[in-house]
Each structure stands twice: as C-alpha cells, then as structure tokens.
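J.: Protein chains in written order, with this note's numbering: chain A, 1 to 161; chain B, 1001 to 1161.
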DNA sequence: CATTTTTACTTTTGTAATGCAAGTTAAATT
DNA sequence: AATTTAACTTGCATTACAAAAGTAAAAATG
C-alpha cells in the first residue's frame, strides 16, 4: 500500500536557481499540472479519480507523480475518514499558489485552441477580474470544492449557466 | 542548414481539448518555456545563444524544440540581416501571449526557492501591478528588447537597481 | 463468514524521448 | 587559402514513459 516507486524525473537536480526553472522542476513535467487541474477544476481527490483523467495517465506514472508532488510539498496525503483503502490528496498552501499559473495556461489554451472545451463565459469572467477569481477559487478549493464540480463549485456560486 | 530533425514530443496527439492540456502540448515540455524565458528575460535570439543557456540544453533537443515552437506558431524564424549564417528567432503574437504564464511561474519559483536568483524588487514590482508590467514587457520584447538585458531592457526603463 | 470487488499501488517489459559526443555544411573571418 | 563560427545533424547509450498484468489490504456482497 505504500508508494515506493520513486520514479526518475530528469532535471530534478537543480540545474539553476532561475525561478522559472525552479517551477518547472517542481511541476513542469507532462502530468503534474494535469493532476493539479483535476483537483482545482474537478474536485478530484483520490488515486482512482486521477487515474480516470481524460488524458489517460498510466498507473505507474500517476503513482510516481503523486509521490513527487507530495515530496515537493505541493500535495498533502491523508487517509480517508471512513474508507481505509482510500487516500485523499489535497493541495497545500504551496499547491494552492499554483492556481494562478493554471488560470493563465487555461486562458492561453482557450484563446488559441479553436476546438477548446473551455466555456467562453468562464474564461471571460476570469479575465475580467483575475484577482478576485483567484481568491474565490483558492478559498473554494481549500474548503474541498472545485471550479466546475460539486455542490460548492465556483461556477454554481457565480450562477454561470 | 535546414532542421529536418522533427523530434518526437509525446502527447502531441491532442489527448483532449482541455485548454490547460492544449497549452501543455504546445509548450509544456522540459525546455520550451526555458527557451521562451531566454528570449523574454535575456533577449536571446539565435541558436547559439539558446545553446548557452544556464541549464545546458543539448544541441539536438534545442533544434527539435525550435522546430516544434515554430510549427506551433510560437516562434518566427528569420534570416539575420548581415550575417547569413545566423537565424533569428522571434516571438509571434501567440508567443508573446505566453509572457503572463512566465511571470506567474517566476513569481511562484521566487516565492518558494529559498536560493532563488530572482531579484526580489523585480518580483515585487511585477506583483504590484501585473497588468501594466505585462504590457510593458510585451512591448519591450516586441521591439527586440528584454526584461534584464540590453539597452532597452525593462529594468533599465524602470531604473531598478 | 467466505467470496468477490474495490482501491491503491508495484512490477515487468517494450518503446520512445533524452543526452552526449562527434560530424557536416555554408558563411564569415583571418 | 586556411581557419573559425553558426546552425544544425547523426549515431549511440541512457533514461523516461506507457501498457498490461500482478499484489495486498480493506470493503462490500451473498
């Protein structure tokens, strides 16, 4: 039940102290930001939920990324209250601070992918008041909610159709 | 003299139309954002300059990433005016729109790397007025300047010590 | 309460990406 | 004319990733 697969993660040996490089070394691989996205946008919290991501991450890679993100202090792992098989992964403060990066990347992708899945009214709202939305999303996620999913979602609070 | 090494780039086959995934497929590999950083922060423009990056990219990988970024419309390649051996790589509009993402990542890295190279007054200025600084950086880079390097650098315009 | 299912991983193995060193070609410099 | 520079390319070893199957503990089911 313990994750002992350390995984490799090249370029984790601090090639420089450029802050952008530091960020990339922490969550700049292929999957880390997608895992964080699943938490922030869709309220996912367990291994099984992450495994079902749209992009199809492999189980071994997912395990290695969760270990990596936990080690880097982005994620915190706790046992599930009632179901002792489950582990709950939550964003730490450090992890919550990645949200602004996600929002910028979502804005860029929504602008340039002609077939984007992003709801344009959502993108517009975020662009209109980035700071306020960042705060609202942060609080929501901190309380176990997410942007799109669940009863306490950000979009339901804002009554976005 | 022509780059025919296409490179591979896994996950370039549009696994989803999530805007974050789209961004990651475009510039979410290990090196692309560091190349864009070199342009935006240090005014680099040629293959040789990118090759000298602090993090030490391999020549074949650099070539493949430049091709990739050009194909995705992030970079534009033009011949050097006077020296016909050189190629100049510039950011397109689409590439300039990546700047806000870089700023967020720089902010995060500067906050969490205790040994960061980032000048704290620079980070503070960006955090104080993100929108204005984004515009100023964008214009500067569009005119061939950069944040830290060169006579028309953003920091020299702002007279940051 | 024995069996099946679920959950969170690990292990194995093939494939693809990366990294390093050396090589190539055209243009510029000496 | 010879050397150096710039922008790549090539070959090969190493590493990371992906897919599939396997494992162990806890929970649900009959």
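Heads up, the beta-carbon is just placed ideally off N, CA and C, and yes, glycines get one too.
Using the three-state DSSP reduction, which class does residue 93(A) fall into: helix, strand or coil?
T.: Assigned with DSSP and collapsed to three states, residue 93(A) falls in helix.
J.: Using a Cβ-Cβ cutoff of 7 Å, what residues of the segment 36-51 of chain A are near chain B? List them in chain order.
T.: 37
J.: Out of curiosity, what's the CA-to-CA distance linking residue 1075(B) and residue 1094(B)?
T.: In a straight line, the C-alpha of residue 1075(B) is about 8 Å away from that of residue 1094(B).
J.: For residue 143(A), count the other beta carbons within 10 Å of its own beta carbon; 16 or more makes it buried, fewer makes it exposed. Which is it?
T.: exposed
J.: If you follow the alpha helix (DSSP H) that residue 1157(B) is in, where does it begin and where does it stop?
T.: 1154-1158
J.: I believe residue 1022(B) touches residue 30(A) by the beta-carbon criterion, under 8 Å. Please report the beta-carbon distance rounded to the nearest angstrom.
T.: Between residue 30(A) and residue 1022(B) the Cβ distance is about 14 Å, and since that is not below 8 Å, they are no contact.
J.: Within its chain, find whatever has a CB closer than 7 Å to the CB of residue 37(A); leave out the 5 residues flanking it on each side and keep chain order.
T.: 102
J.: Cα-Cα, which of 1064(B), 1160(B), 1066(B), 1047(B) is closest to residue 1085(B)?
T.: 1047(B)
J.: Against chain B, which members of the segment 143-157 of chain A pass a CB distance test of less than 8 Å?
T.: none
J.: Going straight from the alpha carbon of residue 1024(B) to that of residue 1114(B), what length do you get?
T.: 27 Å
J.: Which term fits residue 1071(B), buried or exposed, when burial requires 16 or more other beta carbons within 10 angstroms of its beta carbon?
T.: exposed
J.: Can you tell me which of the three DSSP states residue 1098(B) falls into?
T.: coil
J.: From the beta carbon of residue 16(A), is the nearest beta carbon of chain B less than 8 Å away?
T.: Using a CB distance cut-off of 8 Å, residue 16(A) counts as an interface residue toward chain B.
J.: Considering residue 1131(B), what are the terminal residues of the alpha helix (DSSP H) in which it resides?
T.: Looking at the DSSP string, the run of the alpha helix (DSSP H) that includes residue 1131(B) is 1130-1142.
J.: Just list the residues that DSSP pairs residue 1078(B) with in beta bridges.
T.: For residue 1078(B), which the question treats as bridged, DSSP gives the partners 1088(B).
J.: Could you check whether the Cβ of residue 106(A) sits closer than 8 Å to any Cβ belonging to chain B?
T.: With respect to chain B, the C-beta atom of residue 106(A) has a partner C-beta closer than 8 Å.
J.: So what does DSSP say about residue 224(A), is it helix, strand or coil?
T.: The displayed coordinates of chain A run from 1 to 161. Any statement about residue 224(A) would go beyond what the structure contains.
J.: Would residue 1100(B) be called buried (16 or more neighbouring beta carbons within 10 Å of its own) or exposed?
T.: buried
J.: Consult DSSP for residue 1023(B) and reduce its assignment to one of helix, strand or coil.
T.: In the structure shown, residue 1023(B) sits in a helix (DSSP, three-state: H, G or I).
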